[in-house]
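This report refers to the structure that appears directly beneath it.
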Amino acid sequence: MLHSLPAFLDDLERRLIAGEDPLPLLGTVRWPELAGWPKDSAEARQLKHRLAAIHALISGLQAPLQATLLALTASSPYGACGTVALPASLSFRFSEHV
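Residue numbers (our numbering): 522 to 619.
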């Protein structure tokens, strides 16, 4: 179990770059027990930039999937925030319970 936020972000970034599944890591984190949160505005800005870099990495990793989905649905353009509507032939095989 990780106990520090910087170590967690390091491991998350390493897993994403290596092409590993980050879900097992995310499932083991106990957020209330995670230490190393920013103590001042400078540290908060640094964390914000780090999270923006990780978000850009995730967006870059999603780009091939987004392009493939666009190719499968040739008639529909990108939607809001770069999303692509899923074709009817594609199913996630799970349902959402509200």
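Backbone N, C-alpha and C define an ideal beta-carbon position, used for all residues, glycine too.
Its chain contains Ala565 and Leu568 as the residues whose beta carbon lies nearer than 7 Å to that of Pro559, once the 5 sequence neighbours on both sides are disregarded; these appear in chain order. The shortest C-alpha to C-alpha distance from Thr549 to any of Leu533, Asp561 and Leu591 is the one to Leu533.
Take Leu526, set aside five residues on each side of it, and the residues of its chain with a beta-carbon closer than 8 Å to its own are Leu555, Ala556, Gly557, Trp558 and Leu568, in chain order. Going by C-alpha positions, Phe529 is about 33 Å away from Leu591. Under DSSP, the beta-bridge partners assigned to Ser525 are Ala556.
Here the alpha carbons of His570 and His576 stand approximately 10 Å from one another. Counting along the chain, Pro585 sits inside the alpha helix (DSSP H) bounded by residues Ser562 to Leu593. Here the alpha carbon of Pro553 sits roughly 10 Å from the alpha carbon of His524.
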